[in-house]
Amino acid sequence: MFKKGKVKNLPRHVAIIMDGNGRWAKKRFLPRKLGHKAGAEAVRRAVEYAVEVGLECLTLYAFSSENWKRPKDEIDALMRLLLDFLHKELSNLLDKNIILKIIGDLSDFPEDLQRELADAQNQTHKNNGMTLCIALGYGGQDEILMAVNNLIDAGVKKITKESLESGLYTSELPPLDLLIRTSGEQRVSNFLLWQVAYSEFWFTSVLWPDFDKKEFEKALVDFGKRQRRYGDV
Ligand code: FPP
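Heads up: the sequence shown runs through residues 6 to 238, numbered per the working numbering.
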């Protein structure tokens, strides 16, 4: 198992599209919400592992702007799981020196959840360990449009790569090195569209609730072998 500080070519920033909770539940004749519950356990494991190996940032796609189309009881179950995660994990985030950062549009989220997310971000913002970034109500196209419109509102005449990047949610995070997607799907699904410009991709057929430290390690080992050329030869 990877140990902190001993790994060459460790990515600084890994993002994960956590897919397959529904199929995991279906295979077991369980309701989808139990798939999400098992998915929340996989989140705890992934965060623990990311801290163990020394990632600077782990970004998780927990609720997309398109996920509002899901049945209300599934959305409610996901909101409850997020609240539960905050209640159970905040002390752990503080103990492990983790900074919690939420990206996305929270305006349609339940008010109690919005309050607790803001509180958890405030309580962890003085930490200086890994950043756990959770994407909620997030859409990559919306994020780029938000950055562009903010620049237009500020009277900027010519938008540069740097000015646009400074308006993204991720402006203070390290560049995205590796994007992982579970469950065998090989799409970006409107996640971090600008940020994936030079990222490596790693796909696994493992369903998110079954994603464990060994699988995470496989992704990091594979990343370590890749030659990144950024368009050069
Ligand atoms: C995709 O699987 C998963 C989601 C839309 C939700 C992800 C949420 C969690 C992992 C749990 C809560 C998160 C945190 C941060 C505590 P799917 O439902 O689309 O699966 P399917 O494609 O098999 O139907």
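Every residue, glycine too, gets a C-beta built ideally from N, C-alpha and C.
Grouping DSSP H, G and I as helix and E and B as strand, with all else coil, what is residue i?
{"i": "E46", "result": "helix"}
{"i": "S69", "result": "strand"}
{"i": "L99", "result": "helix"}
{"i": "F4", "result": "No information on residue 4 is available, as it lies outside the stretch 6 to 238 that the chain covers here."}
{"i": "W207", "result": "strand"}
{"i": "L105", "result": "strand"}
{"i": "V56", "result": "helix"}
{"i": "N14", "result": "coil"}
{"i": "L63", "result": "strand"}
{"i": "L181", "result": "coil"}
{"i": "R33", "result": "coil"}
Among the candidates the options, whose CA atom is the shortest distance from the CA of residue i?
{"i": "Y66", "options": "I157, A140, D217 and E170", "result": "A140"}
{"i": "V19", "options": "L122, S210, R75 and Y203", "result": "Y203"}
{"i": "L15", "options": "L122, T209, E205 and D158", "result": "E205"}
{"i": "F228", "options": "L150, V58, W207 and D215", "result": "W207"}
{"i": "K31", "options": "R231, R233, L212 and R234", "result": "L212"}
{"i": "P180", "options": "P214, K162 and L60", "result": "L60"}
{"i": "N132", "options": "C138, G142, D124 and L105", "result": "L105"}
{"i": "S70", "options": "L86, Q146 and E167", "result": "Q146"}
{"i": "L98", "options": "G109, C138 and I80", "result": "C138"}
{"i": "R234", "options": "D182, F196 and L63", "result": "D182"}
{"i": "R49", "options": "V238, D215 and K230", "result": "D215"}
{"i": "M151", "options": "L83, D81, K230 and G109", "result": "G109"}
{"i": "I21", "options": "K230, Q200, G236 and R231", "result": "Q200"}
With a threshold of 8 Å, establish whether the CB of residue i neighbours any heavy atom of ligand 1.
{"i": "W29", "result": "yes"}
{"i": "G25", "result": "yes"}
{"i": "H41", "result": "yes"}
{"i": "Y174", "result": "no"}
{"i": "A67", "result": "yes"}
{"i": "L87", "result": "yes"}
{"i": "I139", "result": "yes"}
{"i": "F90", "result": "yes"}
{"i": "A45", "result": "yes"}
{"i": "V48", "result": "yes"}
Is residue i close to chain D? Criterion is C-beta to C-beta, closer than 9 Å.
{"i": "Q200", "result": "No chain D is present in this structure, which holds just one protein chain."}
Jot down the residue ranges of each uninterrupted alpha helix (DSSP H) in the region 122-174, minimum 4 residues, whole runs only, in chain order.
-> 145-158 and 166-171
Does the region 114-121 come close enough to the region 164-172 that 3 or more CB-CB pairs lie under 8 Å?
-> no
Take every Cβ of the region 175-191, pair it with every Cβ of the region 72-81, and state whether three or more of those distances are shorter than 8 Å.
-> no
Kindly confirm or deny that the region 207-221 and the region 145-161 touch, where touching means at least three C-beta pairs closer than 8 Å.
-> no
Segment contact, 8 Å Cβ cut-off, at least three pairs: the region 104-116 with the region 41-55 | no
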